[in-house]
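Protein chains in written order, with the numbering used here: chain A, 1 to 381; chain B, 1001 to 1381. Built from N, CA and C at the ideal position, the CB exists for glycine as well. Worksheet: the structure to be examined is printed underneath.
Protein chains: 2
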Amino acid sequence: MSTEPPVPETSVLAVASHVVSGNVGNKIAVFVLQSMGCDVSALNTVQFSNHTGYKQWKGTRVSAQEITDLWEGLKQSYLDSYDMMLSGYVPGAAAVQAVGGIAKELRHKSEENKKPGSFFWVLDPVMGDNGRLYVADDVVPAYKSLIHYADLILPNQFEAELLSGVKITDSASLEQAIRVLHQEYGVPHVVITSVSLPLSGSSSATSTPPPCTSPTQTSRTMSVVGSTMTTSGRRPRLFRISFPVFECYFSGTGDMFAALMVVRMREAVSNFDLLEREHGDGDGDGDNGKKLGERRSWLSGDDVDAPDLPLARAAEKVLASMHEVLARTCEGMTAEMRARNREDLDEKTLHLVRSRAAELKLARNLGCLRDPAVEYRAEKL
Amino acid sequence: MSTEPPVPETSVLAVASHVVSGNVGNKIAVFVLQSMGCDVSALNTVQFSNHTGYKQWKGTRVSAQEITDLWEGLKQSYLDSYDMMLSGYVPGAAAVQAVGGIAKELRHKSEENKKPGSFFWVLDPVMGDNGRLYVADDVVPAYKSLIHYADLILPNQFEAELLSGVKITDSASLEQAIRVLHQEYGVPHVVITSVSLPLSGSSSATSTPPPCTSPTQTSRTMSVVGSTMTTSGRRPRLFRISFPVFECYFSGTGDMFAALMVVRMREAVSNFDLLEREHGDGDGDGDNGKKLGERRSWLSGDDVDAPDLPLARAAEKVLASMHEVLARTCEGMTAEMRARNREDLDEKTLHLVRSRAAELKLARNLGCLRDPAVEYRAEKL
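Given below as structure tokens:
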């Protein structure tokens, strides 16, 4: 494993839930970011004993006022300089607005300082999945009012439908949803995680994975679909990365995906600028010769084709790490469940034991985060 | 950097404070433990914007009831199996008792299962420093009532005085304080961090380090003094490790020390058992041929001399990591302070800027944690 972090010095404000036991929300995001070399400030929006997938938990939520207070605490001590922000689960519309307020201030500061590329907000609009909303109804308009300020949003298919108002049933409606997010909301980068559609050339199916019994990798595939809008006309530049599915339900995959995207996006943009400098190609697309990392939202020039976008490079590496971590988790899970005599367990206990065994196994798999082998490549959609 | 974690699979419950920005309490302990390969449950006792050394902060404390609730939440979902527990700052006597209650339950379970070595509690009795108590008065008796259940305690010199009732002024009183902790309180392992006494052969001084201006490593030394009691008679086996001092005040060093001790103690005991097995020396000291890691409190047989104790091995590696991280932090701090025009800053602002610059630099220095070069060795005292 290389000792050199993949990114230049990067300070990140991570806002998400905290669980005492297990790996979701900030519990996984903070470790991912730190182990990749980021200096992380972690604002925890809840402290629960465990994630809600166990179907029982204890703990408390942080109020919108407490979020604002913590932010005021940071500001009064000059601790409010961040290169990037990552926001995940936030409890309730008022708290979502409080978190949005922080991002708006950081955005505003970067513009006031005339350094539009010095702040980048990755927003995971956690609202629901598979057709089911698991937040209050008023959280949806709260996110709709905020995504305009985000640089990259990471909705799943259901959340992309909620935000865009477009029901995604095929490639055309998928593209339409992303077009709405770019053009009407002005979101520069979008990645829709876990698209399960019969996209052209893909063998994916629409069913939800069954609960884990003996998790195995199957021939079923899913896709991540991403796009960076063009600088002129905000047109989509769509790419897809397909990957094989583990037949098992894991919690925290979205949070891990988001944290890895923060790091790999920063890395891809740095690498792009390094290459540009080597080739003396500083002014390829008329943005005043500014480096990509200095432009607002790190928006690639229109000469860059979809599969060559830094966003696509980043997503490839993210999926490579995800695949390796999920494979290790599956191995461990299979061993743990085999060691148990399942017939002795009632249904509730079995669910709890299985939830525990399905926690992402990260701490002993640092190499999967830092140096994954990229197997699945972005294709133009 | 090696990809192999230094410890076998180890689940740790870490109970301490959380800060959004900076590196103290659980914010540093959790990362240290995870990056060394431990599966960490993190129960945060406060969420503050920043540590109190800044002299201003915002945020909230967790009540004793909330700590107990989170523990109940873990238990009801079978998430209460831990190999080790680390406890640091806990706000108030009631909360200290709540945390102690968790440790007692885990201790009790290990005894009920007839696996006395399967649980190990590292207790950092955070109460004060340099003669000043920074918790409420009733926290002192709360800790006094609990240390009997701990396996290893990590007081600084002042806290060791508070717990033992012995004023430490020279080698004799230092030994007496540790003797009291072993014999009256039955604490098996003690490490007193940051002893600044004119110990025999050491050139240390008693003054507190001055506030940082340009931090440099000087010829001034300090010592860590540790002891594992004998199995018969609970007599001290004292060792000392001396190390050069950086002339600067850092926050979070105690928390980092404690987290590293958890990992390195586990590693040292594992290594001891591996060596014993290689030499076929399974029953060297009459403890029923049990491996060291299976004995209550991992208590070495009386044939093991002070500098050969696993506790001494562990402390050597911990100090090696500490020294490397502090050196990197100093380098960064010097550069940051030079980049500032200090004359423009009023005293309060300068203190805030300096506090920020003195935050331990960890995320880009993983190698210092995982593979430090051991320079300072334990000597018998």
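Three-state secondary structure (DSSP) of residue i
i          : result
THR253(A)  : helix
HIS1018(B) : strand
ARG1364(B) : coil
LEU381(A)  : coil
HIS1051(B) : coil
ARG1266(B) : helix
ASP170(A)  : coil
SER1196(B) : coil
SER1355(B) : helix
PRO1006(B) : coil
LYS1291(B) : coil
HIS108(A)  : helix
GLU386(A)  : Residue 386(A) lies beyond the range of chain A shown here (1 to 381); nothing can be said about it.
LYS114(A)  : coil
Opposing strand residues paired with residue i [DSSP bridges]
i          : result
ASP1129(B) : ARG1132(B)
TRP1121(B) : MET1085(B)
ARG1061(B) : VAL1046(B)
TYR1189(B) : It is His, not Tyr, that sits at residue 1189(B) in the sequence shown. Partner(s): LEU1152(B), THR1228(B).
ARG1220(B) : For ARG1220(B), which the question treats as bridged, DSSP gives no partner whatsoever.
LEU1238(B) : SER1227(B)
VAL12(A)   : VAL40(A), MET84(A)
PRO244(A)  : THR221(A)
Neighbour flag for residue i against chain B, beta carbons, 9 Å
i         : result
SER17(A)  : no
TYR21(A)  : In the sequence on display, residue 21(A) carries Ser and not Tyr. Yes, because at least one Cβ of chain B sits closer than 9 Å to the Cβ of SER21(A).
ARG266(A) : no
LEU274(A) : no
GLY25(A)  : no
GLU9(A)   : yes
LEU86(A)  : no
LEU79(A)  : yes
GLY284(A) : Only weak support is given to the placement of GLY284(A): the predicted model assigns it a pLDDT of 48, under 50, and the value that follows is read from those uncertain coordinates. No, GLY284(A) does not count as interfacial toward chain B.
Residue i at chain A interface by Cβ criterion, 9 Å
i          : result
GLN1034(B) : yes
GLY1186(B) : no
PHE1246(B) : no
ARG1364(B) : yes
GLY1367(B) : yes
VAL1030(B) : yes
THR1003(B) : yes
LYS1380(B) : no
Reference residue i; option with closest CA among the options
i          : options                                        : result
PRO91(A)   : ARG370(A), GLY128(A), GLN157(A), ASP80(A)      : GLY128(A)
PRO1008(B) : ASP1371(B), MET1036(B), GLU1111(B), VAL1020(B) : MET1036(B)
VAL99(A)   : LEU79(A), LEU123(A), LEU369(A), ILE28(A)       : LEU123(A)
SER164(A)  : TYR149(A), ARG342(A), VAL140(A)                : VAL140(A)
PHE1246(B) : SER1232(B), ARG1220(B), LEU1260(B)             : ARG1220(B)
GLY252(A)  : GLY88(A), LEU106(A), SER297(A)                 : GLY88(A)
ASP1303(B) : TRP1057(B), GLU1072(B), GLY1254(B), MET1229(B) : MET1229(B)
LEU1033(B) : PRO1236(B), LEU1197(B), ASN1113(B), VAL1015(B) : VAL1015(B)
PHE31(A)   : LYS361(A), ALA378(A), VAL190(A)                : LYS361(A)
GLN1157(B) : LEU1086(B), ILE1147(B), ASP1170(B)             : ASP1170(B)
VAL1325(B) : LEU1154(B), GLU1112(B), ASN1023(B), GLU1379(B) : ASN1023(B)
ILE1192(B) : SER1145(B), VAL1353(B), PRO1125(B), TYR1185(B) : PRO1125(B)
ASP83(A)   : PHE243(A), TYR185(A), CYS38(A)                 : CYS38(A)
ARG1175(B) : ARG1234(B), ALA1142(B), THR1334(B)             : A small fix is needed here, since residue 1175(B) is Glu in this sequence, not Arg. Closest option to GLU1175(B), Cα to Cα, is ARG1234(B).
LEU1292(B) : GLN1047(B), GLY1117(B), LYS1144(B), ARG1061(B) : GLY1117(B)
THR1052(B) : SER1077(B), TYR1078(B), VAL1019(B), MET1222(B) : VAL1019(B)
VAL62(A)   : LEU1369(B), TYR1054(B), GLN1047(B), VAL1190(B) : GLN1047(B)
ALA1327(B) : VAL1190(B), HIS1108(B), SER1110(B), ASN1365(B) : ASN1365(B)
Got a sec: which bits of the stretch 1066-1077 of chain B sit with their beta carbon under 7 Å from any beta carbon on chain A, in order along the chain?
-> Close to chain A, meaning a Cβ-Cβ distance shorter than 7 Å, are the following residues of the stretch 1066-1077 of chain B: GLU1066, ASP1069, LEU1070, GLU1072, GLY1073, LEU1074, GLN1076, SER1077.
Taking a cut of 8 Å between CB atoms, which residues from the stretch 1038-1068 of chain B lie near chain A?
-> Correct list: CYS1038, ASP1039, VAL1040, SER1041, ALA1042, LEU1043, ASN1044, GLN1047, PHE1048, SER1049, ASN1050, TYR1054, GLN1056, TRP1057, LYS1058, GLY1059, THR1060, VAL1062, GLU1066.
According to a CB-to-CB cut-off of less than 8 Å, which residues of the stretch 169-184 of chain A neighbour chain B?
-> Within the stretch 169-184 of chain A, no residue has a Cβ that lies closer than 8 Å to any Cβ of chain B.
The stretch 326-355 of chain A: positions lying closer than 8 Å to chain B by Cβ | Those residues of the stretch 326-355 of chain A that come within reach of chain B (Cβ to Cβ, closer than 8 Å) are THR349, LEU352, VAL353, SER355.
Below 9 Å between beta carbons is the criterion; list the residues of the stretch 90-124 of chain A that meet it against any residue of chain B, in chain order.
-> If the cut-off is 9 Å between Cβ atoms, the stretch 90-124 of chain A has nothing near chain B.
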